[in-house]
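Everything on this sheet refers to the single structure shown next.
There are 2 protein chains.
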Amino acid sequence: MSTTGYGVIEIVSRKALCRGFGGIRNSGKSIPLAERLQVVYEGIREVVTTYAPEHCAIEDVFYHENVNTAIVMGHARGVAMLAAQQAGVAVFEYAAREVKMSTVGSGAASKQQVQAMVQRLLNLKTLPRPQDAADALAVALCHYHRIKFRNLKTALK
Amino acid sequence: MSTTGYGVIEIVSRKALCRGFGGIRNSGKSIPLAERLQVVYEGIREVVTTYAPEHCAIEDVFYHENVNTAIVMGHARGVAMLAAQQAGVAVFEYAAREVKMSTVGSGAASKQQVQAMVQRLLNLKTLPRPQDAADALAVALCHYHRIKFRNLKTALK
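Sequences listed follow chains E and C, in order.
Oh and the first sequence: position 52 is 62 in the working numbering, straight run, nothing missing.
Oh and the second sequence: position 12 is 22 in the working numbering, straight run, nothing missing.
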């Protein structure tokens, strides 16, 4: 765990607009895990306080190639979810494949492809950086697409 | 994740005394993960507030047989560590094998053996229950033994 990315979008007239993004940086393994978790928690808490989102969408870590990394990411994910939950923000979870599929159209898309597509979809002047922030924006867009699709299905019933 | 065990010991005249133990219960998978994490966080927060411990010792989850379970446990562990960290309590981590070795004398000890040994070491009238609370007491005892050993080594230098 070194950077926890976040991205905030707002839907205005059915169009997704980027409101903010960034990375919560951690000093890495030289700092005890409990302290790093506090940094993530406070960072997400600040984002939630600043933007007061309606929903929080988060990528799951269940398909990470390295088990130990996935478990440590689970810790960070836990405190991030807690920060949203405590602010009364509903938390939604998406698989990495689902996010890639939704933004790029392929579950096997590269990180660079996701980054470029996020730039295009949100009409950003430059590539969203760090990579983790681009990923976070992609998760937010994925969530918006899911909701839109769900509402459409309900309307057609 | 269904029960998060905790156990509190106090060292009086170099003897470990049991001050409290129990389990923070969760309704299981029918409740969203973010809500379950909040229950764990608030439970540990309450324990920390009630007993004002000097240290917090926690078992690591890195050797769990099921990867997905280990990741979900990582989430719970993350919020538990956060609760201690926020209260200014130093967090120490121990491998399950290390805890078993320290209490029973064998890294491959069964849960029942750990439970029985914890009862004996802390002079409890009945077996500590739930099992997760017995495990937590074992982690606390392991931490005490480590500190004692470390202090001894320092004294001998």
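Using N, Cα and C, we set each Cβ at its ideal position, and we do this for glycine too.
All values reported here derive from a predicted model rather than from experimental measurement.
For the beta strand (DSSP E) holding residue i, just list the boundary residues, first then last.
i	result
residue 165(E)	Run containing residue 165(E): none in the beta strand (DSSP E); it sits in the alpha helix (DSSP H), 141 to 166.
residue 101(E)	100 to 104
Which of the three DSSP states, helix, strand or coil, is assigned to residue i?
i	result
residue 24(E)	coil
residue 32(E)	strand
residue 19(E)	strand
residue 13(E)	strand
residue 112(C)	helix
residue 88(C)	helix
residue 132(C)	coil
residue 47(E)	helix
residue 78(C)	helix
residue 62(C)	coil
residue 53(E)	helix
residue 93(C)	helix
residue 39(C)	coil
residue 119(E)	coil
Would residue i be called buried (16 or more neighbouring beta carbons within 10 Å of its own) or exposed?
i	result
residue 31(C)	buried
residue 36(C)	buried
residue 46(E)	buried
residue 147(C)	buried
residue 56(C)	exposed
residue 125(C)	buried
residue 43(C)	buried
residue 12(E)	exposed
residue 166(C)	exposed
residue 64(C)	exposed
residue 81(E)	buried
residue 67(E)	buried
Going by DSSP, what residue range makes up the alpha helix (DSSP H) through residue i?
i	result
residue 69(C)	Unbroken run through residue 69(C) is the beta strand (DSSP E), 65 to 69; no alpha helix (DSSP H).
Inset, instruction - Check whether the region 116 to 124 of chain C touches the region 87 to 98 of chain C, taking contact to mean three or more Cβ pairs, one atom from each stretch, closer than 8 Å. - result: no
Legend entry - Contact between the region 147 to 157 of chain C and the region 101 to 110 of chain C (3+ Cβ pairs under 8 Å): yes
Inset, instruction - Say whether the region 134 to 151 of chain E touches the region 18 to 31 of chain E, bearing in mind that this needs 3 or more beta-carbon pairs closer than 8 Å, one atom from each stretch. - result: yes
Inset, instruction - Check each residue of the region 15 to 43 of chain E: if its Cβ is closer than 9 Å to any Cβ of chain C, include it; give the result in chain order. - result: 42, 43
Inset, instruction - Check distances from the C-beta atoms of the region 92 to 108 of chain E to those of chain C and list, in chain order, the residues that come in under 7 Å. - result: 92, 94, 95, 96, 101
Legend entry - Interface positions of the region 49 to 81 of chain C facing chain E (Cβ-Cβ less than 7 Å), listed along the chain: 51, 71, 72, 77, 78, 80, 81
Inset, instruction - Please name the residues in the region 114 to 138 of chain C whose beta-carbon is closer than 7 Å to at least one beta-carbon of chain E, in chain order. - result: none
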